[in-house]
Amino acid sequence: MGKIAFVFPGQGAQYVGMAKDIVENYPEAMKVFEKASEKLGFDMKKLVFEGPEEKLKITKNTQPAILTASWAIYKAVQSAGVMPDYTAGLSLGEFTAHVLAGSLDFEDAVALVEKRGEFMQEEVPEGVGGMTAVLALDEETVESVCKEVAEIGYVACANYNCPGQIVISGELAALEAAGKILAKKGAKRVIPLKVSAPFHCDLLKGAGNRLSTELDSITFNDMDIPVYANVTGEKVSSVNDIRQLLVDQVSNTVKWTNTIKNMIADGVDTFIEIGPGKVLSGLIKKTDRSVTIMNVENMETLETVIGFLKAV
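Residues in the sequence shown are numbered consecutively from 3, following the numbering used here.
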């Protein structure tokens with residue numbers, strides 16, 4: 003058998019009730035929520051398990067909520083006694099990956115991503131920027147259209163999610179103009195996303211600078227397993243690089259396609275998505291259908307994954 007990678011989802015995967023049945027069955031998962039509540043000063047269980055959805059989807063709440071739910075689910079997976087060979091996370095999920103790798107303490111991470119969400123939302127007022135998913139067009143075409151509409155406003159590629167799925171980010175007028183051109187050039191679909199800010203582009207550089215100040219007070223540890231960075235799509239080479247990579251990630255393109263391809267090149271043939279939803283599982287499948295892909299977000303999927311890991 004090849005190597006195993008655990009991957010963690012980012013913003014947009016959240017839903018009211020995520021991880022609830024696992025927390026009710028695993029005391030170690032419950033402790034994760036209790037630690038988050040103590041660190042942040044509000045009841046994380048109430049927010050995640052009861053909502054309301056409108057409150058949960060506020061960016062400064064969403065980010066620590068997803069990290070908490072994902073880490074709680076991992077603590078249950080941990081009972082199988084298997085440590086992955088590699089780890090990564092999409093955007094916000096990269097923080098969870100560092101918690102797994104031991105390079106970042108959970109309490110530090112949950113406080114950081116609350117600030118990260120706050121900074122990202124405050125950097126660009128709501129109604130100014132956004133994001134649009136573009137399906138079934140090559141990277142070169144999407145990149146050239148972003149440059150073509152530069153006179154209208156700023157727009158850039160924010161996420162290379164998988165072959166045939168690119169997300170662009172920027173000012174609303176430029177996004178709309180780019181979307182119309184991309185549709186004419188053959189995009190299968192052009193989908194405005196329900197987000198409140200233009201993530202992973204130059205418009206959020208100020209948010210990255212504010213996060214950098216927060217990260218200055220954090221101690222990073224040596225990684226127990228390699229973590230792949232969104233900014234490069236490659237393994238983080240040194241603990242000394244973590245801080246800047248997390249800062250750059252706020253305003254730089256997420257190279258998720260390269261991340262998955264590089265993991266596979268390094269011997270990974272099994273990916274397990276840990277956290278709410280199955281977004282990453284779908285992206286990985288579209289990148290390489292030959293690999294084994296599983297997800298765990300509730301008791302049913304947890305039992306399946308633990309059974310698989312114990313048999314490895």
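Glycine is no exception: its CB is placed at the ideal position from the N, C-alpha and C atoms.
Predicted model only: the values in this text are computed from it and were never measured.
Just verifying my parser: in three-state terms, what is the DSSP assignment at residue i?
i, result
"glycine 91", "strand"
"proline 66", "helix"
"glycine 181", "helix"
"valine 84", "coil"
"isoleucine 60", "coil"
"glutamate 302", "helix"
"glutamate 153", "coil"
"valine 192", "strand"
"glutamate 26", "helix"
"glutamate 145", "helix"
"glutamate 275", "strand"
"valine 270", "strand"
When DSSP builds the beta bridges, which residues end up paired with residue i?
i, result
"serine 198", "Serine 198 pairs with nothing; no bridge assigned."
"phenylalanine 10", "Gly91"
"lysine 237", "Tyr230"
"alanine 257", "Looking at the sequence itself, residue 257 is lysine, so the reference to alanine does not match. Bridge partners of lysine 257: Tyr162."
"serine 292", "According to DSSP, which records beta bridges pairwise, serine 292 is partnered with nothing at all."
"lysine 5", "Val270"
"asparagine 297", "Glu275"
Excluding five sequence neighbours on each side, which residues of the same chain lie with their C-beta closer than 8 Å to the C-beta of residue i?
i, result
"leucine 49", "Lys57, Leu58, Asn63 and Ala67"
Going by C-alpha to C-alpha distance, which of the options sits closest to residue i?
i, options, result
"leucine 195", "Ser239, Ala135 and Ala175", "Ala135"
"glycine 279", "Met296, Tyr88 and Asp268", "Met296"
"leucine 94", "Pro200, Cys164 and Val112", "Val112"
"methionine 225", "Val233, Thr215 and Asp243", "Asp243"
"lysine 2", "Trp73, His202, Phe44 and Leu311", "There is simply no residue 2 to check, as the chain begins at 3 and stops at 314 in what is shown."
"methionine 301", "Lys5, Asp110, Gly19 and Trp258", "Gly19"
"alanine 179", "Phe10, Glu153 and Val281", "Glu153"
"asparagine 223", "Val241, Asp268 and Glu216", "Val241"
Under DSSP, the alpha helix (DSSP H) around residue i begins and ends at which residues?
i, result
"serine 39", "29–42"
"glutamine 123", "108–125"
"methionine 46", "46–52"
"glutamate 216", "207–217"
Over the uninterrupted beta strand (DSSP E) stretch that includes residue i, give me the two end residues.
i, result
"valine 136", "131–137"
"threonine 221", "Where threonine 221 is concerned, there is no enclosing beta strand (DSSP E), given that its DSSP letter is neither H nor E."
"serine 171", "167–173"
Sorted by chain position, which residues of the same chain lie with C-beta nearer than 7 Å to residue i's C-beta, five sequence neighbours on each side aside?
i, result
"leucine 177", "Gly132, Thr134, Val157 and Ile170"
"lysine 263", "Thr289"
"valine 101", "Trp73, Phe108 and Ala111"
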